[in-house]
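Participant: Got a structure for you, written out below as structure tokens; questions coming shortly.
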Amino acid sequence: MAPDSTPLTVVLATDSFLIGDGLAALLADAPDVKIVGRVRHPDDLLAMVESHEPDAVIISLRTPVVTTMATLEAARRLRTDHPGVGIVVISDRGNGFALELLRGGASRIAYLLDDRIPGIDTVLGALRDIRSGQTVLDPSIVDSLVTRRDGIAIDDLTLREIDVLEHISHGLSNRGIAAALFISVKAVEKYVSVIFRKLELIDQPLVDRRGTAALTFMSAQNDGPSMPQRTPIR
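Taking my numbering, I'd label the letters of the sequence shown as residues 116 to 349.
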């Protein structure tokens, strides 16, 4: 059982009967997981969550009927209205979708690529990890979003800059970071600017520098090449 002996309740959102029935059957064998609801479209997900108040949702949506934006909007509304609900996304889409999902913070988020899931234990592990506030990402997603170069990244940051970067990875605004660290917003803005410069994150219209910086922090914290990467969110 999970550290919390109460079964982990899950709502499953998939537009494929085959995938949905397969996941439900495999998860049914886990003593600490209970499926409490299923939906076929992200538009129905919020109502199901409000009705059953699950610990997590698993989203596996990919047919042309369901758009990427609808899925992202459902995830965004979940994080706004139900921040305690973990989100596991199983997708065949790459880093652009993952980065959009991580906007606003990475706590209680898992992003798994379906062709890199060796078995149901990976999904179960992600569910259990996000229940405790962790983040789980397929390492290929982190590697593709974070450009690693010799001599830069986390090692070049001061302890205070790392503190600020960690709070960025939690989704805090500059004002929120200032309140958490008891410093001024202007000081935070200066730290963020230095962090971007040290990580060589150029200001470009299509580049989410805060999201990429957060992924850099997560990547530095977790270096397992064979399993999804995870980081505790305190």
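Glycine included, C-beta positions come from ideal geometry on N, C-alpha and C. Because the structure is a prediction, the values reported are computed rather than measured.
1) In its own chain, which residues sit with a C-beta less than 8 Å from the C-beta of Arg231, not counting the 5 before and 5 after it?
2) Out of Gly135, Ser166, Ala213, which one is the CA nearest neighbour of His197?
3) Would the beta-carbon of Ile292 fall within 8 Å of that of Val279?
4) Got a sec, what are the start and stop residues for the alpha helix (DSSP H) Thr250 sits in?
5) Got a sec, what are the start and stop residues for the beta strand (DSSP E) Arg153 sits in?
6) Let's test the definition: count the other Cβ atoms within 10 Å of the Cβ of Arg275 and tell me whether it reaches 16, buried, or not, exposed.
7) Going by Cα to Cα distance, which pick from Ala162, Val200, Met184, Leu187 is closest to Asp170?
8) Check whether the Cβ atoms of Ile224 and Ile205 sit closer than 8 Å, and answer yes or no.
9) Beta-carbon within less than 7 Å of Ala241's beta-carbon, same chain only, minus the 5 sequence neighbours each way: which residues are those?
10) Please check the pair Leu141 and Val125, which I expect to be a contact at CB under 8 Å, by giving their CB distance rounded to whole angstroms.
11) Buried or exposed: which applies to Arg325, given that a residue is buried once 16 or more other Cβ atoms fall within 10 Å of its Cβ?
12) Given Ala185, which residues of its chain have a CB within under 6 Å of its CB, disregarding the five upstream and five downstream residues?
13) Select from Lys149, Pro146, Phe212 the residue whose C-alpha is nearest the C-alpha of Ser175.
14) Report the partner residues of Val203 according to the DSSP bridge assignment.
15) Among Val148, Ser284, Ala190, whose alpha-carbon lies nearest the alpha-carbon of Val243?
16) Does DSSP put Thr121 in a helix, a strand or coil?
17) Apart from the five residues on each side of it in sequence, which residues of its chain come closer than 7 Å, Cβ to Cβ, to Val164?
18) Indicate the three-state DSSP secondary structure (helix, strand or coil) for Thr129 in the structure shown.
19) Whose C-beta lies closer than 7 Å to the C-beta of Gly135 among residues of the same chain, with five residues either side of it excluded?
20) According to DSSP, is Thr262 helix, strand or coil?
21) According to the neighbour-count rule (16 or more other Cβ atoms, all chains shown, within 10 Å of its Cβ), is Ser299 buried or exposed?
Facilitator: Looking at the atomic coordinates:
1) Take Arg231, set aside five residues on each side of it, and the residues of its chain with a beta-carbon closer than 8 Å to its own are Asp253, Ser255, in chain order.
2) Among Gly135, Ser166, Ala213, the Cα nearest to that of His197 is on Ser166.
3) Against a cut-off of 8 Å, the Cβ pair of Val279 and Ile292 comes out as a contact.
4) Secondary structure note for Thr250: it is in no alpha helix (DSSP H), and the uninterrupted beta strand (DSSP E) holding it is 249 to 252.
5) Here the beta strand (DSSP E) through Arg153 covers 148 to 154.
6) In this structure Arg275 is exposed. Its beta-carbon is surrounded by fewer than 16 other beta-carbon atoms within 10 angstroms.
7) If we check each option's Cα against that of Asp170, Val200 comes out closest.
8) Against a cut-off of 8 Å, the Cβ pair of Ile205 and Ile224 comes out as no contact.
9) Short of 7 Å from the beta carbon of Ala241, and not among the five residues preceding or following it, lie these beta carbons of its own chain, in chain order: Val203, Ala225, Leu227, Val251, Pro343.
10) No, Leu141 and Val125 are not in contact; Cβ-Cβ is about 12 Å, not under 8 Å.
11) Per the 10 Å Cβ criterion, buried.
12) Its chain contains Pro157 as the residues whose beta carbon lies nearer than 6 Å to that of Ala185, once the 5 sequence neighbours on both sides are disregarded; these appear in chain order.
13) Taking the Cα of Ser175 as reference, the smallest distance to any Cα among Lys149, Pro146, Phe212 is reached at Phe212.
14) Val203 is bridged to Ile173, Ala225.
15) The residue you asked about is not Val; residue 243 is Arg in the sequence shown. Minimum Cα distance to Arg243 is reached at Val148.
16) Correct three-state label for Thr121: coil.
17) For Val164, the CB contacts under 7 Å within the same chain, skipping 5 residues up- and downstream, are Val126, Val172, Leu193, His197, Val200 in chain order.
18) Strand, per DSSP.
19) Cβ neighbours of Gly135 beyond the five flanking positions: Leu127, Thr129, Arg153.
20) Its pLDDT being 49, under 50, Thr262 is placed unreliably in this model, and the coordinates cannot settle the point.
21) Classification for Ser299: exposed.
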